[in-house]
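Quick notes on the structure that follows.
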Amino acid sequence: MPKKRPVRSAAIFRGSLPRNRNKRMLLELYNEDRQLFGSLSIKKDSISLGLGDSEVYSYDCEGRLLTAWLSNQTFVRTLDNRVIKKWRDPLHGKAWKLIQELEAEEAKRVLDQARIRIDGVYEQLQRGKIRLTCNGETEGDSARRAGEWPAKITQWDYARLEGQGERFRAIYTPVTILPPDQYLAVVLQATEGCHWNRCTFCHFYRHTRFRIKSHKEFSDHVRAVKDFFGEGIRLRRSIFLGDANALVIPQNRLLKIFERVNQEFRILSSRRNRVVSDNPVFTGIYSFIDAFTGDRKSVADFRELKARNLRRVYIGAETGCDRLLKFLNKPATAGQVRDLVATVKQADLSVGVIILIGVGGEEYTESHVAETVALLNSLKLGRGDILYFSPMVESPVSEYARRSADAGIRPLADQEKETQLRAIRSGLQFTANDKPKIALYDIREFVY
Ligand code: SF4
């Protein structure tokens with residue numbers, strides 16, 4: 001008999017559908033011989049189906065597949081219906097995460113396979129070959145309502161999921177990157193692309209022409225986004241205003257955009273204000289900002305945005321070394337980053353600061369470490385702020401690679417990047433009770 005899957009959460013909900021995101025209703029699947037062979041876990045924001053010891057499928061509240069975990073490999077279905085495979089490399093002492101986007105044919109095979117499994121469960125449920133029980137009861141209201149989920153999920157065949165991908169591409173220009181704590185955001189594109197788009201190392205918006213949407217266009221976009229997510233929006237935690245720097249929009253227009261967002265989404269006025277509700281609630285509005293345009297906003301401007309539920313802005317500082325910023329063709333200085341962070345913090349907003357690890361290769365490593373440490377220690381980062389260290393991912397066809405080769409700059413190996421990261425971290429001075437969260441930011445892991 002297959003082993004019972006361990007229950008990790010102590011907060012198993014017993015009764016009607018869970019109102020709190022973290023609670024769940026757990027149902028067990030028994031076959032005709034009364035052997036346990038799976039479970040169905042229903043949470044406020046998602047559903048998961050475990051079969052045996054090596055298969056777990058998760059779905060949003062519309063019944064669309066989110067992930068399939070099959071024999072230690074995770075397959076993530078993106079909103080535009082691509083499939084990304086993630087797995088651990090057993091050859092390394094440390095578990096390295098490997099990531100690969102599947103070819104269309106392989107992606108279809110994975111999605112079809114997942115559908116066949118849920119079809120099988122549904123069919124057996126219909127024929128009474130397997131039973132769903134909640135607290136040992138098969139006929140209870142919870143078991144009956146849970147039994148409706150497999151039917152809902154089976155409606156999503158490959159063609160219908162592909163249709164969702166097309167719909168996503170009609171609503172959005174490619175969502176190419178988010179800060180890691182925003183991967184579960186609802187992205188709203190108030191702008192498209194990056195207004196600068198010339199940093200040599202950055203390819204995120206290379207093929208998107210920068211533009212600011214009109215208010216009408218933005219309102220239509222918001223409605224289309226809400227329709228697209230449907231009940232699946234329950235899985236989303238926050239609102240991210242895209243793209244690269246939506247806060248570049250002139251303040252008067254930006255305020256109208258924020259007001260529109262607040263009309264359409266219920267946003268908690270404080271992070272501590274946790275409401276249990278049937279309606280989805282969001283933790284706040286978040287956005288990227290650049291130091292070379294951010295200084296156009298005053299403390300008063302940021303306060304107006306905070307009053308409209310802006311919570312944190314993310315700044316790609318990259319390095320504290322001005323000489324290196326110039327080499328990267330990023331038109332900002334460490335001083336501008338310092339001024340922007342001070343302005344944002346005076347408005348009582350949080351910041352996320354992103355530093356590249358390994359950028360500038362061997363040539364810049366000394367100045368990058370010393371001047372980045374100096375910059376970070378001057379920013380007065382504290383609780384609520386996030387400091388991201390992002391290992392440099394060098395594309396061989398980038399302008400950055402070409403300039404580095406011309407200048408004879410040797411890129412750092414992975415181990416040297418780790419040494420650089422340790423050197424920067426060891427120079428940081430934060431007080432024990434008031435320090436930012438520090439995390440790695442591997443852009444290859446981004447999936448939306
Ligand atoms: S790093 Fe930021 S400012 Fe530079 S091109 Fe990329 S998105 Fe634009």
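Position 440 (the sequence shown) corresponds to 440 in our numbering; numbering is contiguous. Each residue gets a CB set at the ideal place from its N, CA and C atoms; glycine is no exception. This structure is a prediction, so every number in the text was calculated from the model and none was measured.
Residue range 36 to 43 is occupied by the beta strand (DSSP E) that includes phenylalanine 37. Not one heavy atom of the ligand SF4 falls within 7 angstroms of the beta-carbon of aspartate 322. Residue Ala151 holds the alpha-carbon nearest to the alpha-carbon of glutamate 123 among Ala151, Cys134, Arg383, Phe229. Taking each of Leu381, Ile424, Glu366 in turn and checking the Cα distance to serine 390, the smallest one comes out for Ile424.
In terms of side-chain proximity, the C-beta atom of arginine 402 is found no nearer than 7 angstroms to any non-hydrogen atom of the ligand SF4. Relative to the non-hydrogen atoms of the ligand SF4, the Cβ of glycine 361 never comes closer than 7 angstroms to any of them.
In this structure, leucine 40 places its C-beta atom within 8 angstroms of the C-beta atom of leucine 132.
In the DSSP annotation of this structure, the continuous segment of the alpha helix (DSSP H) that includes tryptophan 149 starts and ends at 148 to 154.
Secondary structure at serine 404: helix, using DSSP grouped into helix, strand and coil. Here phenylalanine 389 carries a strand assignment [DSSP, helix/strand/coil].
The beta-carbon separation of valine 359 and phenylalanine 201, rounded to 7 angstroms, stays under the 8 angstroms limit for a contact. At a Cβ-Cβ threshold of 8 angstroms, glutamine 189 and tyrosine 205 do not count as neighbours. Distances from the CB of lysine 330 to the heavy atoms of the ligand SF4 include at least one below 7 angstroms.
Membership of tyrosine 286 in the beta strand (DSSP E) is indicated by the continuous run 285 to 289. Annotation for isoleucine 357: Phe389, Ser390, Pro391, Met392, Lys417, Gln420, Leu421 place their beta carbon closer than 7 angstroms to its own, counting only its chain and skipping 5 residues before and after. Serine 367 sits in a helix when the DSSP states are folded into three classes. For glycine 163, the distance from the CB to the nearest heavy atom of the ligand SF4 is not below 7 angstroms. Distances from the CB of alanine 423 to the heavy atoms of the ligand SF4 are all 7 angstroms or more.
In the assembly as shown, arginine 64 is a buried residue. Its beta-carbon has 16 or more other beta-carbons within 10 Å.
Serine 219 carries a helical assignment under DSSP once its states are collapsed to helix, strand and coil. Here tyrosine 30 is bridged, per DSSP, to Leu36, Arg131. For the pair isoleucine 212 and asparagine 245, the Cα-to-Cα distance works out to about 10 angstroms. For glycine 352, the uninterrupted beta strand (DSSP E) segment begins and ends at 350 to 357.
Looking only at Lys297, Phe282, Gly352, the smallest Cα-Cα distance to glycine 316 is reached by Gly352.
For valine 299 and leucine 324, the gap between their C-alpha atoms comes out near 29 angstroms. Residue range 158 to 171 is occupied by the alpha helix (DSSP H) that includes glutamate 162. In this chain, valine 248 is not harboured by any alpha helix (DSSP H), its DSSP state being neither H nor E. Counting only residues of its own chain and dropping the five nearest sequence neighbours on each side, aspartate 112 has a CB closer than 6 angstroms to the CB of Tyr158.
Take asparagine 252, set aside five residues on each side of it, and no residue of its chain has a beta-carbon closer than 7 angstroms to its own. Secondary structure in the stretch 415 to 442: the beta strand (DSSP E) runs of 3 residues or longer, each lying completely within the stretch, are 437 to 440 in chain order. Taking the Cα positions, alanine 370 is about 20 angstroms away from proline 331. Partner residues in the beta bridge of isoleucine 84, as assigned by DSSP, are Val76, Glu101.
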